[in-house]
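Worksheet: the structure to be examined is printed underneath.
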Ligand SMILES: [Zn+2]
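Residue numbers (our numbering): 322 to 801.
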């Protein structure tokens with residue numbers, strides 16, 4: 322065994338890996354949602370305790386396949402693992418003080434053999450986490466070698482007899498280790514991003530952990546907050562979500578103004594039945610809920626917790642589904658004002674689709690980054706169902722009447738559609754990455770399109786109600 326101290330970090334392939342390489346590795350990670358983040362020193366010490374107790378079993382396992390050749394590339398790392406096990410073995414795990422002592426011995430042993438291995442980390446807790454990550458790589462590598470030898474049939478006769486059980490145990494063990502290793506690296510990545518955000522305020526796209534990297538064309542201005550309150554406070558500062566948050570926050574007041582000031586003054590309001598007012602109110606309610614959900618999502622999408630990040634994205638889609646559903650129901654309600662059976666049938670169909678739109682986003686596949694077009698397609702299809710009653714209208718009232726009825730609502734549909742196409746195409750930031758980080762992104766344009774769509778639909782809804790009231794006066798006065 323090489324007894325000399327190694328003064329340089331060992332090359333990747335055995336032991337540690339360079340900063341850039343780690344970054345690349347972390348991109349392929351996945352982790353268990355809801356895993357608690359080791360933010361406190363004590364969390365790191367506890368993680369060390371569990372790593373060391375596992376290390377014992379894992380080295381035993383590797384030693385049981387010890388007839389494989391330990392070449393010069395691996396022997397020093399292997400002997401370091403043994404040294405760490407021996408030095409920490411007599412310090413039993415338990416209280417925080419024991420954890421701290423164990424951590425000191427662990428770091429000392431590792432640094433005595435690899436002088437520069439932990440130099441980038443300042444505190445004991447940071448060194449512990451870095452050390453675990455480094456050693457985790459070594460043990461995984463050794464285990465892979467042991468499995469390879471076993472699978473090639475080079476194990477001893479004793480092992481051959483026990484092979485079926487060992488194979489099952491080993492694969493379960495390997496899977497468990499792989500998951501644990503991924504969680505540790507994920508936590509480390511989040512900690513780094515939080516630290517950077519604390520130091521610099523706003524961070525760059527490449528500083529974000531992988532699940533937060535959504536649009537690579539927006540290069541800077543990212544928040545990364547360690548809790549809800551930090552996210553809420555960030556509403557008042559300037560960052561790359563400011564436009565998205567404020568456009569819809571101010572939009573809520575706009576819709577409230579229309580609902581409580583302009584709508585009651587409209588002549589249709591005075592000619593309306595209770596059901597008419599209910600349908601209009603449903604639209605206003607859905608619009609406000611959509612804007613509120615959007616604000617919530619854009620405020621909270623910097624939270625350093627992947628489970629919550631995914632949940633807030635779902636909240637956003639839930640709001641959009643209800644808005645589209647309520648808008649379509651107002652079209653169906655007025656289109657079939659004098660045909661109550663068809664009216665209820667079409668509205669029920671739309672309601673079912675909207676509930677589907679509320680449920681679907683909670684399915685993880687629906688939210689995949691590469692499925693933006695599928696999401697857009699679903700909502701556009703949902704929106705297009707508002708033209709379903711057109712067949713019945715043409716049959717009963719003719720093409721001209723139908724075209725006149727759908728004229729106003731087609732305008733709001735076009736506004737939504739235009740916004741959705743820009744949203745999915747990520748133009749203009751796709752053409753000029755980094756230039757629209759704070760203002761003018763495709764998402765900002767989509768937000769303005771949503772507001773424009775809401776206002777345009779309000780005017781369309783008033784025209785449709787006028788149409789419906791005229792028809793009711795002439796053909797179905799019993800409706801009043
Ligand atoms: Zn948005």
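Quick reminder that beta carbons are idealized off the backbone N, C-alpha and C, glycines included.
Checklist entry - When you compare each of 443, 740, 405, 442 to residue 429 by their alpha carbons, which one comes out closest? => result 405
Checklist entry - Is it the case that the CB of residue 425 approaches a heavy atom of ligand 1 more closely than 8 Å? => result no
Next on the checklist: What I want to know is whether the C-beta of residue 621 ends up closer than 8 Å to one or more non-hydrogen atoms of ligand 1.
Outcome noted: no
Item to check | Run of the alpha helix (DSSP H) containing residue 443, from where it starts to where it stops | outcome: That residue, residue 443, is in no alpha helix (DSSP H); it is neither H nor E in DSSP.
Checklist entry - Counting pairs of Cβ atoms below 8 Å between the region 687–707 and the region 763–777, do you hit three or more? => result no
Checklist entry - Cα-Cα, which of 530, 719, 626, 382 is closest to residue 551? => result 626
Checklist entry - Do the CB positions of residue 368 and residue 450 come within less than 9 Å of each other? => result yes
Checklist entry - Would you say residue 569 touches ligand 1, meaning its beta carbon is less than 8 Å from a heavy atom? => result yes
Item to check | residue 435 (DSSP reduced to helix, strand or coil) | outcome: strand
Checklist entry - Given that a residue counts as buried once 16 or more other Cβ atoms are within 10 Å of its Cβ, and exposed if not, what is residue 642? => result buried
Item to check | Integer Cβ distance of residue 303 from residue 543, believed to fall under 8 Å | outcome: Lying outside 322 to 801, the shown extent of the chain, residue 303 is not represented and no answer is given.
Checklist entry - Once you ignore the five residues that flank residue 549 on each side, which residues in its own chain have a CB closer than 8 Å to its CB? => result 621, 624
Checklist entry - What residue from 648, 371, 396, 697 has the CA that sits closest to residue 409's CA? => result 371
Checklist entry - If you compare alpha carbons, which of 774, 364, 738 is closest to residue 696? => result 738
Item to check | Separation of residue 731 from residue 598, as counted between CA atoms | outcome: 22 Å
Checklist entry - Given residue 612, which residues of its chain have a CB within under 6 Å of its CB, disregarding the five upstream and five downstream residues? => result 569, 572, 573
Item to check | Same chain, Cβ closer than 8 Å to residue 366, five either side skipped, listed in chain order | outcome: 417, 420, 421, 423, 424, 446, 449
Item to check | Residues near residue 762 in its chain [Cβ-Cβ closer than 6 Å; skip 5 each side] | outcome: 750
Item to check | Reduced DSSP secondary structure (H/G/I, E/B, other) of residue 624 | outcome: strand
Item to check | Those residues which DSSP pairs with residue 543 across a bridge | outcome: 524
Item to check | Cβ-heavy atom distance, residue 303 to ligand 1, below 8 Å | outcome: Because the chain here runs from 322 to 801, residue 303 falls outside it and cannot be looked at.
Checklist entry - Between residue 758 and ligand 1, is the CB less than 8 Å from at least one heavy atom? => result no
Next on the checklist: Measuring only the C-alpha atoms, how far is residue 561 from residue 765?
Outcome noted: 10 Å
Next on the checklist: Mapping the DSSP letters down to three states, classify residue 787 as helix, strand or coil.
Outcome noted: helix
Item to check | Inter-residue spacing [alpha-carbon to alpha-carbon] between residue 664 and residue 575 | outcome: 30 Å
Checklist entry - Say the cut is 8 Å; is the CB of residue 536 nearer than that to a heavy atom of ligand 1? => result no
Checklist entry - Between the C-alpha atoms of residue 651 and residue 605, what's the straight-line distance to the nearest angstrom? => result 11 Å
Checklist entry - By DSSP, does residue 452 sit in helix, in strand, or in coil? => result helix
Next on the checklist: What would DSSP say about residue 594, mapped onto helix, strand or coil?
Outcome noted: coil
Next on the checklist: Measuring CB atoms only, is the region 661–681 touching the region 631–645, in the sense that at least three cross pairs come out at less than 8 Å?
Outcome noted: yes
Next on the checklist: Check this for me: beta carbons of residue 582 and residue 783, under 9 Å apart or not?
Outcome noted: no
Checklist entry - How long is the line joining the alpha carbons of residue 795 and residue 759, rounded to whole angstroms? => result 54 Å
Item to check | Neighbourhood of residue 427 by C-beta distance below 8 Å, restricted to the same chain and skipping five residues each side | outcome: 369, 373, 405, 408, 409, 449, 452
Item to check | Simplified DSSP assignment, three categories, for residue 717 | outcome: helix
Next on the checklist: Nearest by alpha-carbon distance to residue 443: which of 513, 381, 671, 553 is it?
Outcome noted: 513
Next on the checklist: Between the alpha carbons of residue 616 and residue 383, how many angstroms are there, rounded?
Outcome noted: 53 Å
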